[in-house]
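Protein chains in written order, with the UniProt record's numbering: chain A, 1 to 286; chain B, 1 to 256. Ideal Cβ placement from N, Cα and C applies to all residues, glycine included. Just so you know, these numbers come straight off a predicted model, no measurement behind them. Only one structure is covered here, and it is reproduced in the block below.
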Amino acid sequence: MTDQTTTPGAGAASGAASDAVSITGVSRVFTGRRGESTVTALDGIDLTVSPGEFVSLIGPSGCGKSTLLRLIADLDQPTAGEIRIFGKTAKKARLDQEYGIAFQQAGLLPWRSVAANIELPLQLHGMAAAGRKARTAELLELVGLGDFGSKYPDQLSGGMQQRVAIARALAESPNLLLMDEPFGALDEMTRERMQNELVRICGETQAAVVFVTHSIPEAVFLSNRVVVMSPRPGRIQGILPVALGSSGQRGEGLREADGFFDAVSEVRELLHGAPAEAGARGVENR
Amino acid sequence: MRPQIGSARAVAAPLILGIGALLIWQLTVMALDIKPFVLPSPVSIFTQFIDNVPTVWAASVVTGTNALIGLIVGGIVGVVSAVIAALLPIIDELSAGLVAALSVIPIVALAPVLYTMFGAAEETARQIVAAIAVFVPVYLNSLRGLRQVRPVHRDLMRATAATPWQATRVVTLPTATPFVFTGLRIASSLAVISALIAEYFGGPVGGLGKSITSAASSSNYALAWAYVLGSIILGLLFYSATLALEKLASRHRPSA
Numbered sequence: 001m002t003d004q005t006t007t008p009g010a011g012a013a014s015g016a017a018s019d020a021v022s023i024t025g026v027s028r029v030f031t032g033r034r035g036e037s038t039v040t041a042l043d044g045i046d047l048t049v050s051p052g053e054f055v056s057l058i059g060p061s062g063c064g065k066s067t068l069l070r071l072i073a074d075l076d077q078p079t080a081g082e083i084r085i086f087g088k089t090a091k092k093a094r095l096d097q098e099y100g101i102a103f104q105q106a107g108l109l110p111w112r113s114v115a116a117n118i119e120l121p122l123q124l125h126g127m128a129a130a131g132r133k134a135r136t137a138e139l140l141e142l143v144g145l146g147d148f149g150s151k152y153p154d155q156l157s158g159g160m161q162q163r164v165a166i167a168r169a170l171a172e173s174p175n176l177l178l179m180d181e182p183f184g185a186l187d188e189m190t191r192e193r194m195q196n197e198l199v200r201i202c203g204e205t206q207a208a209v210v211f212v213t214h215s216i217p218e219a220v221f222l223s224n225r226v227v228v229m230s231p232r233p234g235r236i237q238g239i240l241p242v243a244l245g246s247s248g249q250r251g252e253g254l255r256e257a258d259g260f261f262d263a264v265s266e267v268r269e270l271l272h273g274a275p276a277e278a279g280a281r282g283v284e285n286r
Numbered sequence: 001m002r003p004q005i006g007s008a009r010a011v012a013a014p015l016i017l018g019i020g021a022l023l024i025w026q027l028t029v030m031a032l033d034i035k036p037f038v039l040p041s042p043v044s045i046f047t048q049f050i051d052n053v054p055t056v057w058a059a060s061v062v063t064g065t066n067a068l069i070g071l072i073v074g075g076i077v078g079v080v081s082a083v084i085a086a087l088l089p090i091i092d093e094l095s096a097g098l099v100a101a102l103s104v105i106p107i108v109a110l111a112p113v114l115y116t117m118f119g120a121a122e123e124t125a126r127q128i129v130a131a132i133a134v135f136v137p138v139y140l141n142s143l144r145g146l147r148q149v150r151p152v153h154r155d156l157m158r159a160t161a162a163t164p165w166q167a168t169r170v171v172t173l174p175t176a177t178p179f180v181f182t183g184l185r186i187a188s189s190l191a192v193i194s195a196l197i198a199e200y201f202g203g204p205v206g207g208l209g210k211s212i213t214s215a216a217s218s219s220n221y222a223l224a225w226a227y228v229l230g231s232i233i234l235g236l237l238f239y240s241a242t243l244a245l246e247k248l249a250s251r252h253r254p255s256a
């Protein structure tokens with residue numbers, strides 16, 4: 001949309017403008033009624049996401065991972081600290097539509113057909129009907145729902161609805177994709193298939209992704225880096241780089257690879273705050 | 001096959017009950033020799049109805065037109081007011097008492113006053129009475145519907161940087177639509193009833209209400225009942241039409 005973004009995957013070049021997301025010293029305190037019972041959802045968060053990078057936020061419930069995503073999306077404002085998206089403030093980035101977002105619930109409009117749901121952002125921003133139609137057809141192919149454009153959401157399965165929501169998030173080819181547990185409500189088989197699809201889609205679109213999840217294998221399978229968070233107050237416990245290859249190399253076989261299990265163990269240890277002792281990691285190393 | 005049997009039964013059961021009730025009515029009138037001014041028999045009412053189809057039809061058109069104009073005007077005003085009240089909470093708070101008052105006062109009681117205001121030769125007073133009767137349920141249901149927007153849809157509108165008007169048009173109004181039509185369905189019978197009762201208080205002749213009173217006062221009781229039958233059919237027609245609209249508006253919703 002704007003020309004100030006760098007080409008995706010262009011390394012970790014310094015300078016705030018080239019980062020997809022840059023979070024410095026962000027906290028979010030929820031104040032109860034009359035100032036009582038304040039809850040510190042996030043405290044002192046620093047995080048940088050490079051263009052084209054896939055970063056997962058993982059942690060137990062109440063660790064503020066969804067809150068952090070909402071702050072990036074400017075659906076909520078931080079109490080302190082600063083969030084920059086491609087060098088812009090979160091609000092400016094939202095108004096400029098720098099990101100696409102998918103929620104835990106697909107959040108489709110039930111009175112609109114699948115195609116009309118996908119083209120919603122394009123329609124809101126005044127794209128002409130012919131262009132919208134072409135782009136919608138493209139997106140339907142991308143998420144593997146080529147024949148379903150004229151169906152209505154209530155005629156689709158949960159997994160298909162979630163694919164429609166992802167297609168909608170990708171409608172304007174954003175350089176940043178925000179996903180809040182998008183596969184949380186799906187069964188395990190559908191979930192793994194959707195993860196494979198997402199890896200493929202990310203490879204094709206080259207967008208940076210911030211992905212909230214509470215599934216360790218999901219985070220490891222999808223991400224370049226896994227950000228492990230701890231609750232009350234929400235803090236970053238540790239950041240684990242996952243060197244499992246580019247999206248093109250991540251296939252079904254990866255789920256059986258040793259590197260995958262090692263990374264899963266490391267994330268688990270970070271989550272539970274246990275020291276990385278050799279004896280403690282026997283479970284996955286069959 | 002089973003659902004078809006079920007729906008056939010659903011139609012047949014009330015039909016049999018209705019025919020049975022009419023049969024008992026007819027037999028009671030004949031056996032007890034009840035005078036027509038007390039209760040005419042169904043057969044005599046139906047005979048009067050068939051003999052006077054053109055006049056009953058003409059009267060139904062007059063009353064039906066008043067009810068329809070009232071339904072449309074009251075419906076539009078109700079929906080527009082609800083949208084304004086939903087957008088500006090202050091309006092909602094200011095008008096809550098007024099709406100409560102409107103829903104409590106017997107609206108047809110306004111008819112004599114309105115006849116004086118708009119002239120006894122005009123249908124306007126009846127249409128206004130119908131419109132006010134329609135306004136209350138449409139306004140209350142629409143306002144409720146406008147508040148049903150799911151949080152995820154609100155987030156979506158914000159995330160896509162939609163303007164308030166776009167959010168209203170794309171999410172809020174479609175969310176409220178089934179509720180609006182529920183309000184209209186409730187209001188449809190009220191529109192017919194109000195337009196008809198308003199005729200009792202004066203105004204031009206020709207409608208169903210006036211026809212019922214004039215037939216009764218000239219001792220033609222079966223004919224008066226034939227007009228009542230006409231009003232029942234008119235009310236059912238309004239109800240079915242708005243029910244069909246309601247079904248159409250909520251066909252892709254799992255609930256509501």
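Is there a Cβ from chain A that is less than 8 angstroms from the Cβ of B:Leu156?
-> yes
From the DSSP output, in three-state form, read off A:Leu170 for me.
-> coil
Determine contact between the stretch 108 to 127 of chain B and the stretch 80 to 98 of chain A, defined as no fewer than three beta-carbon pairs at a distance below 8 angstroms.
-> no
What residue from A:Ser50, A:Asp46, A:Ile58 and A:Ser27 has the CA that sits closest to A:Asp180's CA?
-> A:Ile58
Name the chain B residues that come within less than 7 angstroms of A:Phe103, Cβ to Cβ?
-> Val152 and Asp155
Give the C-beta separation of A:Met189 and A:Gln162 to the nearest angstrom, bearing in mind that I take them to be a contact with Cβ-Cβ under 8 angstroms.
-> Their Cβ separation, rounded to whole angstroms, is 14 angstroms, which puts A:Met189 and A:Gln162 out of contact at 8 angstroms.
The alpha helix (DSSP H) with A:Gln237 in it runs from where to where?
-> Unbroken run through A:Gln237 is the beta strand (DSSP E), Arg235 to Pro241; no alpha helix (DSSP H).
If you draw a straight line from the C-alpha of A:Pro233 to the C-alpha of A:Leu271, how long is it?
-> 15 angstroms
Just the C-alpha distance for B:Ser240 and B:Asn141, rounded to the nearest angstrom, thanks.
-> 19 angstroms
Flag B:Glu123 as yes if its beta-carbon sits less than 8 angstroms from any beta-carbon of chain A, otherwise no.
-> no
Selection of the stretch 157 to 191 of chain B by Cβ proximity to chain A, strictly under 8 angstroms = Arg158, Ala159, Thr160, Ala161, Ala162, Gln166, Val170, Val171, Pro174 and Thr177
Can you tell me the Cα-Cα spacing of A:Leu222 and A:Val199, whole angstroms?
-> 6 angstroms
Checking contacts by CB at 8 angstroms: is A:Ala73 closer than that to chain B?
-> yes
Pull up the CB-CB distance for B:Thr160 and A:Leu124, whole angstroms please, since I reckon it's below 8 angstroms.
-> 6 angstroms
What number of angstroms, rounded off, separates the C-alpha of A:Pro217 from the C-alpha of A:Arg268?
-> 10 angstroms
When you compare only the Cα positions, how much space is there between B:Phe49 and B:Ala224?
-> 9 angstroms
Counting only the same chain and skipping the five closest in sequence on each side, list residues whose C-beta sits under 7 angstroms from that of B:Val79.
-> Val138, Ser142 and Val180
Report all residues from its chain with a CB closer than 6 angstroms to the CB of B:Ala133; omit the five preceding and five following residues, and keep chain order.
-> Ile107, Leu190 and Ser194
Taking B:Val134 as part of the alpha helix (DSSP H), name the residues at either end of that continuous run.
-> Thr124 to Leu146
Per DSSP, what kind of secondary structure is A:Ile85 in: helix, strand or coil?
-> strand
So, does the CB of A:Leu120 fall closer than 8 angstroms to a CB anywhere in chain B?
-> yes
Leaving out the 5 sequence neighbours to the left and right, which residues in its chain are closer than 6 angstroms to B:Thr47 when beta-carbon positions are compared?
-> none
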